[in-house]
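Numbering (the numbering used here), first residue to last: 33 to 408. The C-beta atom is built at its ideal place from N, Cα and C for all residues, glycine as well. Predicted, not measured: the structure shown is a model, and the values here were computed from it. Contents: one structure, followed by commentary.
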Ligand code: AMP
Ligand code: GLY
C-alpha cells in the first residue's frame, strides 16, 4: 500500500460527538477522499456516508472489504474490548485502535490495576474482591468515602462513591447479589477516595513511540454549577491551566510511559489512543482510570486544536510507524458543551429535532467576536 499522496477511504465506527469531531477534522484533510460512519449520527451525516449496521466485528470487517476502506477508526470501547482490531488485522485491514489484549486496560479495571501495581504506576490504593462477605468485611474497617467499582464495562455507570457504610453495603449488594452490572460486576474493586482536579491526557501510541496530546478537563455533573448526577461528561476544555509543564511531564513520565512499557513487558503491544484519566493529588498525579479510545467530550475540545493532519497520524499509528510524526497545535483555547435532553443521564427524552446548528456553525470564531459576546 502506498499512501504517499493518499486518497483515503475512511470508516468511523460510533455515534457520538467524539466521532463527529474526528470526521470534521478528517473532512478538512487533503488526504481524505471519502468518510463512512457506522452508525453515525445527524451531525455526521453532513460529512460522512452513514450506514446502519450492527457493531459486530465480523460484519464490520465485511463492510470494510466491500467498500474498499483504507483505514477504520473505532470510537467506542465495546468493539475494541470485543476484539474488532484482531478481526480486522487477521484480514489484512488497517484499523486504528488497540487489540483485544491491550483493550483489557479499559475492559477490566482489575487488569489495569494489576499492570499499574506491577509497574509502579501511581493510582488509588485498591483491593479486588469476588465475594460479597469478604468485600463487606474489608470495607467495614476502611475510612469513608470509599469508591466501589465494577470490574468490567458498565457504560460509565459502574463507579459508586459511597459516603456511608450503608451506601457501601448497598453498592456491594447491587454488584454481587442483585448482579446489576451482570458479568462486569462479578469482580469488584474497593478503592480509596482521592481528592484533586481531574485531567484527561490522551496519547497516540504505535506500540513504541508515544505522542501525548494537549490535556483536557471534562465536567461530569449534569446540572449547572457542578451539581446533580455524574455523567460521561457534560463538556470539556483544553488547555487546562492546572496542567503546568511540570505536571504534564510528570503524567507522561510516571503514568503514560511506564504503562505502555509495562504492557510491552507483558507481551502486549499498545497501539491507538491511550486515555489516562488522572487526578492531581497533593502526592502527585494518580490514575483514576484508563480508556483505550478517544474520550467523549474531550475529543471535541482537543481535536479542533490539532494543526497536523489527523489522517496521517492515525494511519501511521495503525501502520506501527509514528517515527516521522510530530504533533503541532493551535494556541487557541477550545471549549465543548453538551446540551442534553431533560431526564439525562437516567431517562433522557429523545426524538426532538436540534435546531440552530447552521447559525452556530456560521458564527465568527475570532477573538473580537468572543469578547463581544462576553460583553453582552
Ligand atoms: P472511572 O470510570 O474509574 O473514571 O470513575 C468515574 C469517576 O468517578 C471519575 O471520573 C471520578 O470523578 C470518580 N472516581 C473514580 N475513582 C475515584 C477515586 N479513587 N477517588 C475519587 N474519585 C474517583
Ligand atoms: N469523558 C470520559 C470518557 O470518555 O470516558
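**OP:** For residue 250, count neighbouring C-beta atoms within 10 Å of its own C-beta (all shown protein chains included) and say buried if the count is 16 or more, exposed if not.
**Re:** In the chain shown, residue 250 corresponds to position 218, counting from 1. Flag for residue 250 reads buried.
**OP:** For the alpha helix (DSSP H) containing residue 262, list its first residue and its last residue.
**Re:** As a position in the chain shown, residue 262 is number 230, starting the count at 1. Careful: residue 262 lies outside any alpha helix (DSSP H), inside the beta strand (DSSP E) at 259–270.
Original post:
CB-CB under 7 Å to residue 79, same chain, minus the five flanking residues each way: which ones, in chain order?
Top reply: Position 47 of the chain shown, counting from 1, holds the residue named residue 79. For residue 79, where only same-chain residues beyond five positions count, the Cβ hits under 7 Å are 55, 56, 59, 67.
Original post:
Starting from residue 170 and walking both ways along the alpha helix (DSSP H), at which residues does that stretch end?
Top reply: The sequence position of residue 170 within the chain shown is 138, counting from 1. Segment 164–172, the alpha helix (DSSP H) holding residue 170.
Original post:
Nearest to residue 248 by CA position, among 372, 102, 330, 77, is which residue?
Top reply: Mapped onto the chain shown, residue 248 falls at position 216. When each option's Cα is compared against that of residue 248, the closest is 330.
Subject >> Among 221, 220, 268, 387, the one whose alpha carbon lies nearest that of residue 254 >> reply: Within the chain shown, residue 254 is the residue found at index 222, counting from 1. With distances taken between Cα atoms, residue 254 lies closest to 268.
Original post:
Beta carbon of residue 264: closer than 6 Å to some heavy atom of the ligand GLY?
Top reply: Stepping through the chain shown from its first residue, residue 264 is reached at position 232. Result yes, Cβ under 6 Å from the ligand GLY.
Original post:
Hey, would you say residue 127 sits closer than 7 Å to residue 142, going by beta carbons?
Top reply: On the chain shown, position 95 is the one that residue 127 refers to. On the chain shown, position 110 is the one that residue 142 refers to. Against a cut-off of 7 Å, the Cβ pair of residue 142 and residue 127 comes out as no contact.
**OP:** Express the C-alpha separation of residue 389 and residue 304 in angstroms, rounding to a whole number.
**Re:** As a first step, residue 304 is located in the chain shown; it is residue number 272 there, counting from the start. As a first step, residue 389 is located in the chain shown; it is residue number 357 there, counting from the start. Each residue's Cα considered, the two are about 31 Å apart.
Original post:
So, do the segment 360–378 and the segment 308–326 have three or more beta carbon pairs nearer to each other than 8 Å?
Top reply: no
Original post:
Where are the alpha helix (DSSP H) runs, 4 residues long or more, that stay fully inside the segment 64–135, in chain order?
Top reply: 89–98, 109–113, 116–122
**OP:** Report all residues from its chain with a CB closer than 7 Å to the CB of residue 339; omit the five preceding and five following residues, and keep chain order.
**Re:** The residue you call residue 339 lines up with position 307 of the chain shown. Result list for residue 339: 360, 361, 362, in chain order.
Original post:
DSSP puts residue 182 in a beta bridge; with which residues?
Top reply: For the purposes of this step, residue 182 is taken as residue 150 along the chain shown, with counting starting at 1. 220, per the DSSP bridge assignment.
**OP:** Look at the Cβ atom of residue 44, then the Cβ atom of residue 101, and state whether they are nearer than 7 Å.
**Re:** Locating residue 44 in the chain shown gives position 12, where the first residue counts as 1. Locating residue 101 in the chain shown gives position 69, where the first residue counts as 1. Taking 7 Å as the Cβ cut-off, residue 44 and residue 101 do not qualify as a contacting pair.
**OP:** Compute every distance between the C-beta of residue 309 and the non-hydrogen atoms of the ligand AMP, then say whether any falls below 6 Å.
**Re:** Here residue 309 refers to the residue found at position 277 of the chain shown. Residue 309: yes, Cβ under 6 Å from the ligand AMP.
**OP:** Consult DSSP for residue 228 and reduce its assignment to one of helix, strand or coil.
**Re:** For this step, residue 228 is matched to residue 196 along the chain shown. Coil.
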